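In the UniProt record's numbering, the protein residues as written are 1 to 225.
Cβ atoms here follow ideal geometry from the backbone N, Cα and C, with glycine treated the same way.
Just so we're clear, the structure is a prediction, and the values are computed from it rather than from any experiment.
Down below is the structure, laid out as structure tokens.
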């Protein structure tokens, strides 16, 4: 039979997943607004951010009530603490989506120009990791979480390459400087989205295996946890 604690934990998981889906949708729309040069979608992202913020406050409050009322131990305590850790990262996914949307509003004041090729690759990676985060938390899949953490290194590499390329472009020609600067900021936000996904993955491993990866320098391969 399910206990009151079991029910409370199930509701917590549902709420965290709801927040993840909202953040994932914000990232998806922000990327679409960039690639489509669409100010309307950018504004939708900005307007919807309040819902993510409000949900973070509510879920955090409910988590504290579970700790106070049920005094969980062992894996239940890990699940609650790990989920609470994620809330900040999920909320920041929404914030970075807003940052991208705000850059898009600047970019759309000028005629549409091509998006940097590596920026598209980084956007694809950010979308892939946000999708993967939902799955790894839902299933508490530590191997999937490790893959997210490892893929985050690719995001750093792409971010550095984009910054180097747009800097070279600015040196060659003054006209596209504004576009290059805005795309550099977008690249930084996309990289931060990947960072938050890696943080969420670390919390999933904490929940599943009671191992803290936050300050690990060397990561084992999937299957070796």
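- Who are the Cβ neighbours of residue 28 in its own chain at under 7 Å, not counting the five residues just before and after it? 127
- Message: Would residue 198 and residue 159 qualify as a contact pair, given that the criterion is a beta-carbon distance under 7 Å?
- Response: no
- Where residue 123 and residue 110 are concerned, what is the direct C-alpha to C-alpha distance, given to the nearest angstrom? 21 Å
- So is residue 64 buried or exposed if we call it buried at 16+ other beta carbons inside 10 Å? exposed
- At what residues does the alpha helix (DSSP H) containing residue 91 begin and finish? 74-107
- To the nearest angstrom, how far is it from the Cα of residue 189 to the Cα of residue 42? 14 Å
- Query: From residue 89 to residue 200, what does the alpha carbon distance come to, in whole angstroms?
  - Reply: 7 Å
- Query: On the three-pair Cβ rule with 8 Å, is the segment 99-115 touching the segment 60-77?
  - Reply: no
- Does the segment 145-161 touch the segment 49-64, meaning 3 or more C-beta pairs lie closer than 8 Å? no
- Query: Given that a residue counts as buried once 16 or more other Cβ atoms are within 10 Å of its Cβ, and exposed if not, what is residue 2?
  - Reply: exposed
- Query: Which whole-angstrom value is the C-beta distance of residue 30 and residue 45, which I expect to be below 8 Å?
  - Reply: 5 Å
- Alpha carbon of residue 26 to alpha carbon of residue 211, nearest angstrom: 30 Å
- Message: With the cut-off set at 7 Å, would you say residue 16 and residue 83 are in Cβ contact?
- Response: yes
- According to the neighbour-count rule (16 or more other Cβ atoms, all chains shown, within 10 Å of its Cβ), is residue 33 buried or exposed? buried
- Task: Output the boundary residues of the alpha helix (DSSP H) element that contains residue 55.
- Result: 39-70
- Item | Within-7 Å CB hit, residue 147 to chain C | You won't find chain C in this structure, because it holds only one protein chain.
- Message: So, at 6 Å on beta carbons, what are the nonlocal neighbours of residue 137 in its own chain, with the 5 sequence-adjacent residues on each side left out?
- Response: 204
- Query: Contact check, residue 194 vs residue 144 under 8 Å by CB: the rounded distance?
  - Reply: That pair is no contact at about 15 Å.
- Message: For residue 80 and residue 12, which I take to be in contact (beta-carbon distance under 8 Å), what is that distance rounded to the nearest angstrom?
- Response: 7 Å
- Close beta carbons around residue 78, own chain, < 7 Å, minus the five adjacent residues each side: 206, 207, 210
- Mind checking residue 152: buried by the 16 CB within 10 Å criterion, or exposed? buried
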